[in-house]
Amino acid sequence: MSAMSLTDDIKDDSILIDSASVADDQLSELPQARPHIHETRKFPDGFLWGAATAAHQVEGNNVNCDWYRWEQAGHVLRGQVSGQACDQFNRYEEDFDLAAELGNNTHRLSIEWARIEPEDGRFDQEVILHYRHVLEALRKRGLSPMVTLWHFTLPQWFADRGGWESSGAVARFARYSEMMAKELGDLVDLWVTINEPMIYLAQSYGTGVWPPGKKGAWRVLRVFGRLVRAHRASYDRLHRQLDREGYQARVGIAKNVVTYEPYRRYSELDGIFIRLADRLFNHQFFIWTRGKHDFIGVNYYFHYRIRYRPTKISSFFHEVHTENREVSDLGWEINPDGMFDALMSMSRYKLPVYVTENGIASADDGKRPRALVAMVKEVYHAIKAGVDVRGYYHWSLLDNFEWEKGYDGKFGLVAVDFKTQQRQPRRSYYVYQDICRENGIRHDLLRFLGHGVRW
Numbered sequence: 295m296s297a298m299s300l301t302d303d304i305k306d307d308s309i310l311i312d313s314a315s316v317a318d319d320q321l322s323e324l325p326q327a328r329p330h331i332h333e334t335r336k337f338p339d340g341f342l343w344g345a346a347t348a349a350h351q352v353e354g355n356n357v358n359c360d361w362y363r364w365e366q367a368g369h370v371l372r373g374q375v376s377g378q379a380c381d382q383f384n385r386y387e388e389d390f391d392l393a394a395e396l397g398n399n400t401h402r403l404s405i406e407w408a409r410i411e412p413e414d415g416r417f418d419q420e421v422i423l424h425y426r427h428v429l430e431a432l433r434k435r436g437l438s439p440m441v442t443l444w445h446f447t448l449p450q451w452f453a454d455r456g457g458w459e460s461s462g463a464v465a466r467f468a469r470y471s472e473m474m475a476k477e478l479g480d481l482v483d484l485w486v487t488i489n490e491p492m493i494y495l496a497q498s499y500g501t502g503v504w505p506p507g508k509k510g511a512w513r514v515l516r517v518f519g520r521l522v523r524a525h526r527a528s529y530d531r532l533h534r535q536l537d538r539e540g541y542q543a544r545v546g547i548a549k550n551v552v553t554y555e556p557y558r559r560y561s562e563l564d565g566i567f568i569r570l571a572d573r574l575f576n577h578q579f580f581i582w583t584r585g586k587h588d589f590i591g592v593n594y595y596f597h598y599r600i601r602y603r604p605t606k607i608s609s610f611f612h613e614v615h616t617e618n619r620e621v622s623d624l625g626w627e628i629n630p631d632g633m634f635d636a637l638m639s640m641s642r643y644k645l646p647v648y649v650t651e652n653g654i655a656s657a658d659d660g661k662r663p664r665a666l667v668a669m670v671k672e673v674y675h676a677i678k679a680g681v682d683v684r685g686y687y688h689w690s691l692l693d694n695f696e697w698e699k700g701y702d703g704k705f706g707l708v709a710v711d712f713k714t715q716q717r718q719p720r721r722s723y724y725v726y727q728d729i730c731r732e733n734g735i736r737h738d739l740l741r742f743l744g745h746g747v748r749w
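Start counting the sequence shown at 295; every next residue gets the next number (our numbering).
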């Protein structure tokens, strides 16, 4: 396919292309028009462009964690199990080549606590050496690592002792954090202690669809307190070790930020509920961990149109309405304006901000290119509005195991055949490649958005 034919294809995002027939540099070779017509909205110099993954979702054969037992018990959609996943434990070089070719200069991943500390107090040096090789492979390709210490999965021995409900949970997580700073600190630029603490609370102790599946308000409060203390302790241990060694470490969390609007704009109850939800879900964790963040990580997926329903106890007294809204394959509303609102909301903390996750499930890739351009455009507008946004990590580089949804949610810029482990870049891969290589959004890509969209 010629560069010109690809340009024509971009004009209509309802037409899909076979990414196998598109050279990886074709989008970057699209013909330029006069600058005043085809402007590029440039991001600041040094802006980080990356993609994100999580160990359990991509590595495969993670058998010593609580999620492995949970899957074996049939708690995942249609009885699916993570199994080999993307086999990234063995194929990380191949995947990092894809990230580098994408034009990325950073990559976010998690290291698997259950592999690193398979028994209480015993750290597996072979696994630690493996992760050193992983991080070295990133740096070799010019990809600055952002490393997450805990992304939902717990070592089975830790879960057997009560997980985050146990009295020793905070001390054990702090010990693990300090060990990772000691063993990997020279290779990591950005540390994420905890991924999406409020999502974990909601899924594991609210709805009970994640392990340990123990529902109850008191459990939610207890574990919330433990996660607050765990982050504070981890932050201190990381800095104590890394500062001693002279590493310029930056530590934060990746926080799922939800934007809200009332279903009934005339309803005072709907308005009160969304203000309360915003305070509790988006800000309370930051309030209780103030002073223990070097940056704010924003995971943006959800915009909720909320209707307060006092009888809906099991769904936290509300309904989410998506009728007449564009949604992803998982039924999540696609709302790019919410990206701007989420970043503006986080600017109150006067810290650097990274979009640590953002993406949609779209198996045929039909909606992802448009959503990707629209979301990145809103990041640009947030920067222009004064938010200190320093990076964007797309979720995800690869299709992967999406927790209770199994393999049904296809978030990857790269499609994965889980039987053959073959990787195939999608159309959206090349769209994001153009953005990353340009360090901005070229006017050509706005054709994905249609008419009447803010530029």
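Glycine included, C-beta positions come from ideal geometry on N, C-alpha and C.
* W626 in three-state terms, based on DSSP -> Coil at W626, not helix or strand.
* **A655 vs I628 beta-carbon contact at 8 angstroms** => Taking 8 angstroms as the Cβ cut-off, A655 and I628 do not qualify as a contacting pair.
* Backbone CA spacing between R684 and K476 [nearest angstrom] -> 26 angstroms
* Only counting runs of 3 or more residues, tell me where the beta strand (DSSP E) segments fall wholly within the region 614-682, in order along the chain. => 647-652
* **Rounded C-alpha distance that separates R736 from F467** => 44 angstroms
* Return the chain-ordered list of same chain residues with a C-beta closer than 7 angstroms to the C-beta of K336, the five sequence neighbours on each side being excluded. => Same-chain partners within the cutoff: N733, G734.
* Specify, as a first and last residue, the run of the beta strand (DSSP E) that S438 falls within. => Element bounds for S438: 438-444.
* Can you tell me whether DSSP reads Y494 as helix, strand or coil? -> helix
* To do: Answer with buried or exposed for A527, where buried requires no fewer than 16 other C-beta atoms within 10 angstroms of its C-beta.
  => buried
* Helix, strand or coil: which one does DSSP assign to C730? -> helix
* Kindly indicate which residue of G546, K671, R534 has the alpha-carbon position closest to the one of R469. => The residue with the shortest Cα to Cα distance from R469 is R534.
* Which residue's Cα is closest to the Cα of S343: T714, D588, Y648? -> Inspection of the sequence shows that residue 343 is occupied by Trp rather than by Ser. The residue from T714, D588, Y648 with its alpha-carbon nearest to that of W343 is Y648.
* Mind checking K644: buried by the 16 CB within 10 Å criterion, or exposed? -> By the 10 Å Cβ count, K644 comes out exposed.
* Asked: Y362 lies in the alpha helix (DSSP H); which residues open and close that run?
  -> 360-366
* Grab the span of the beta strand (DSSP E) containing Y594 for me, first residue to last. => 590-594
* Helix, strand or coil at K704 according to DSSP, with G and I counted as helix -> It is coil, neither helix nor strand.
* **Complete runs of the alpha helix (DSSP H) confined to the region 393-460 [at least 4 residues]** => 407-410, 419-434, 450-454
* Would you call L429 buried or exposed, if buried means 16 or more other Cβ atoms sit within 10 Å of its Cβ? -> For L429, the number of other beta carbons within 10 angstroms of its own is at least 16, and it is reported as buried.
* Should Y594 and V551 be called a contact, given that it needs their Cβ atoms to be closer than 8 angstroms? -> yes
* **Cutoff 8 angstroms; reference V464; Cβ partners in own chain excluding five residues on either side** => R520, R523, A524, A527
* Asked: Does the Cβ-Cβ distance between A750 and T347 come in under 8 angstroms?
  -> Residue 750 cannot be examined here, being either before or after the span of the chain that is shown, 295 to 749.
* **A346 (DSSP reduced to helix, strand or coil)** => strand
* **Cβ-Cβ separation, G500 to K509 (assumed contact under 8 angstroms), whole Å** => 7 angstroms
* To do: Determine the direct distance from the alpha carbon of V517 to that of W458, and round the result to whole angstroms.
  => 6 angstroms
* Collapsed DSSP secondary structure at N384 in the structure displayed -> helix
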